[in-house]
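Trainee:
There are 2 protein chains.
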Amino acid sequence: MTTSDAGLLADRTPLPSDLDSRLRDHLTFLIEVDKLKTVLRQSPLAAADRRENDAEHSWHLALMVMTLAEYADEPIDVGHTIKLVVVHDLVEIYAGDTPLYDAEAGVSQQEREEAAAGRLFGLLPEDAGRAMRALFDEFEASETPEARFAKAMDRLQPLLLNWMAKGGTWRTPGVTANDVRARKAVIGEASAPLWDAARRLIDEGERRGWSVSAPPGT
Amino acid sequence: MTTSDAGLLADRTPLPSDLDSRLRDHLTFLIEVDKLKTVLRQSPLAAADRRENDAEHSWHLALMVMTLAEYADEPIDVGHTIKLVVVHDLVEIYAGDTPLYDAEAGVSQQEREEAAAGRLFGLLPEDAGRAMRALFDEFEASETPEARFAKAMDRLQPLLLNWMAKGGTWRTPGVTANDVRARKAVIGEASAPLWDAARRLIDEGERRGWSVSAPPGT
Chain A
1245 MTTSDAGLLA DRTPLPSDLD SRLRDHLTFL IEVDKLKTVL RQSPLAAADR
1295 RENDAEHSWH LALMVMTLAE YADEPIDVGH TIKLVVVHDL VEIYAGDTPL
1345 YDAEAGVSQQ EREEAAAGRL FGLLPEDAGR AMRALFDEFE ASETPEARFA
1395 KAMDRLQPLL LNWMAKGGTW RTPGVTANDV RARKAVIGEA SAPLWDAARR
1445 LIDEGERRGW SVSAPPGT
Chain B
1245 MTTSDAGLLA DRTPLPSDLD SRLRDHLTFL IEVDKLKTVL RQSPLAAADR
1295 RENDAEHSWH LALMVMTLAE YADEPIDVGH TIKLVVVHDL VEIYAGDTPL
1345 YDAEAGVSQQ EREEAAAGRL FGLLPEDAGR AMRALFDEFE ASETPEARFA
1395 KAMDRLQPLL LNWMAKGGTW RTPGVTANDV RARKAVIGEA SAPLWDAARR
1445 LIDEGERRGW SVSAPPGT
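Put into structure tokens, the structure is as follows:
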């Protein structure tokens, strides 16, 4: 589950030693995060026959925030919401991606991500690391309108990809259409019209047999 | 140069026809932009043995804006600057990537990108398309402090990847260290300390033979 984790990327081609040390820390962090491009998610792309990675996913969420902000039930600061989605998956560089329908991995997720956050944001100058960590914590806590909208995008985006794939991860063995509805309901905490549309896609997917209506044997 | 361009992605698995038509246009656009994940750049990743795509690149720039904003010579609105980098490469979905050191492709670039912008942003509801287009134009015009900083990130990011690759596209035949300096000088229009650091990397790369000091025969 953990990705290319053997030492800092920046150690492979060390930056010149005479760079300003604060800037050097910033750049070391910005090189390390290149690893997010190698963390694969379960979602299949719509535009190519491969799985999506976390960096692509995070970019897609940023554009979704900009495009769909008008559907937010509460006013949101769009720029701040984009910051939340840009950083929200960074800890997966060390903690790995936790699939939405993998209950077992979900149990250890918080612990793994906590350790990863300390390690990754610790590469930054202390004040900068604290600010980045605050954004990650805000997203996770889901207590601000911006965090709720960011979470809604994080659930809606793979739903669109699953729709395009005529099922995608909805076809995960043991997962039913009701499981999908339950995991996607957080969209409704940020936007009634987007949750209406999401339910419409889930319902129609179930009707077409892209997700199962009940687990086998029930 | 042009990528998967045969029709709209959303036409492959049409959205339910009873969705609100404005939201349907928004979602059609957000599905179409999945293609950005298939537009390959020349830059090699630091974390894996493959080339970077535009979506990953755009995400990396967003995080760089957040991390390096303190080095901007003029105050910038960080949220707005992130919006600029999130959209700046979208037109390459139809126009393709134009390598920085490809003068020939550079000639037709503006015309191709103009047509692509009309086509892509035209998928959105008219007001939303106009707003997205304005961000793209602002980035291109480079007249605001935010656009200048966004452009600086767009030049600094591949420079970091080239450093990590011990040359990367600096090794393009016919390209000299002075060509690299000339193409990267826009960093200095946004940030003196970042341009100092960038020059330090270019100088050191030349010293190590990762870029050539003069074209063969001169």
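Chains A and B are the protein sequences, given in the same order. The first sequence begins at 1245 in the working numbering and counts up by one. The second sequence begins at 1245 in the working numbering and counts up by one. Yeah, the Cβ is synthetic: ideal placement off N, Cα and C, and Gly gets one too.
#1: Where does A:V1456 fall in DSSP's three states?
#2: Rank A:L1403, A:S1435 and A:D1440 by C-alpha distance to the C-alpha of A:V1424 and give the top, closest one.
#3: Identify whether A:T1246 lies in helix, strand or coil by the three-state DSSP scheme.
#4: Between the alpha carbons of B:T1246 and B:E1387, how many angstroms are there, rounded?
#5: In whole angstroms, give me the CA-to-CA distance for A:A1254 and B:M1408.
#6: For chain B, is any of its Cβ atoms less than 9 Å away from the one on A:A1254?
#7: Measuring only the C-alpha atoms, how far is A:G1411 from B:E1348?
#8: At 8 Å on the CB atoms, spell out the chain B contacts of A:F1273, in chain order.
#9: If you scan the region 1330 to 1373 of chain A from start to end, which runs of the alpha helix (DSSP H) of 4 or more residues do you find wholly inside it?
#10: Output, in chain order, the set of chain A residues within a Cβ distance shorter than 7 Å of B:E1448.
#11: Have a look at B:V1456, B:D1447, B:E1450 and B:K1395 and flag the residue whose alpha-carbon is nearest the alpha-carbon of B:G1432.
#12: If you measure beta-carbon to beta-carbon, which residues of the region 1397 to 1413 of chain B are closer than 7 Å to chain A?
#13: Comparing C-alpha positions only, which one of B:R1392, B:A1375, B:L1334 and B:P1258 sits nearest to B:A1319?
#14: Give the residues from the region 1359 to 1393 of chain B that approach chain A closer than 9 Å (Cβ to any Cβ), ordered along the chain.
#15: Applying the criterion that 16 or more other CB atoms from any shown protein chain within 10 Å of the CB defines a buried residue, is A:S1302 buried or exposed?
#16: Between which two residues does the beta strand (DSSP E) containing A:S1287 stretch?
#17: Taking buried to mean at least 16 other C-beta atoms within 10 Å of its own C-beta, is B:A1360 buried or exposed?
#18: How many angstroms separate the CA atom of A:I1337 from the CA atom of B:A1291?
Mentor: Checking against the coordinates, here is how it stands:
#1: Locating residue 1456 of chain A in the first sequence gives position 212, counting from the first residue. DSSP places A:V1456 within a strand segment (E or B) once states are collapsed to three.
#2: The count along the first sequence starts at 1 and reaches residue 1424 of chain A at position 180. Residue A:L1403 is the option with its Cα nearest to A:V1424.
#3: Residue mapping note: residue 1246 of chain A aligns to position 2 of the first sequence, counting from 1. Summary for A:T1246: the model assigns pLDDT 43, below 50, so the residue's position carries little reliability, and this model does not support an answer.
#4: By 1-based counting over the second sequence, the position of residue 1246 of chain B is 2. By 1-based counting over the second sequence, the position of residue 1387 of chain B is 143. The predicted model places B:T1246 with a pLDDT of 43, which falls under 50 and marks its position as unreliable, so this point remains unresolved.
#5: What you label residue 1254 of chain A is simply residue 10 of the first sequence in a count that begins at 1. What you label residue 1408 of chain B is simply residue 164 of the second sequence in a count that begins at 1. Straight-line measurement puts the Cα of B:M1408 at about 7 Å from the Cα of A:A1254.
#6: Sequence index remark: in the first sequence, residue 1254 of chain A carries index 10 (1-based). Judged by the 9 Å Cβ criterion, A:A1254 is in contact with chain B.
#7: Here residue 1411 of chain A is taken as the residue at index 167 of the first sequence, counted from 1. Here residue 1348 of chain B is taken as the residue at index 104 of the second sequence, counted from 1. Their backbone Cα atoms lie some 43 Å apart in a straight line.
#8: Walking along the first sequence from the start, residue 1273 of chain A turns up at place 29. Listed along chain B, the residues sitting closer than 8 Å to A:F1273 by beta-carbon distance are T1311.
#9: Whole alpha helix (DSSP H) segments, 4+ residues: 1336 to 1339 and 1347 to 1365.
#10: For the purposes of this step, residue 1448 of chain B is taken as residue 204 along the second sequence, with counting starting at 1. At a beta-carbon threshold of 7 Å, the residues of chain A lying near B:E1448 are P1260, ordered along the chain.
#11: As a first step, residue 1432 of chain B is located in the second sequence; it is residue number 188 there, counting from the start. Measuring C-alpha to C-alpha distances from B:G1432 to each of B:V1456, B:D1447, B:E1450 and B:K1395 identifies B:K1395 as the nearest.
#12: Residues of the region 1397 to 1413 of chain B with a C-beta less than 7 Å from any C-beta of chain A: L1404, W1407, M1408 and K1410, listed in chain order.
#13: Here residue 1319 of chain B refers to the residue found at position 75 of the second sequence. It is Pro, not Ala, that sits at residue 1319 of chain B in the sequence shown. Answer by Cα proximity: B:R1392.
#14: Contact annotation: in the region 1359 to 1393 of chain B, residues whose CB is within less than 9 Å of a CB in chain A are L1368, A1372, A1375, M1376 and L1379.
#15: In the first sequence, the residue the question calls residue 1302 of chain A occupies position 58. It is buried - the Cβ of A:S1302 has at least 16 other Cβ atoms within 10 Å.
#16: Position 43 of the first sequence, counted from the first residue, corresponds to residue 1287 of chain A. The continuous beta strand (DSSP E) containing A:S1287 extends over residues L1284 to P1288.
#17: For this step, residue 1360 of chain B is matched to residue 116 along the second sequence. Per the 10 Å Cβ criterion, buried.
#18: The sequence position of residue 1337 of chain A within the first sequence is 93, counting from 1. The sequence position of residue 1291 of chain B within the second sequence is 47, counting from 1. A:I1337 and B:A1291: Cα-Cα distance of roughly 11 Å.
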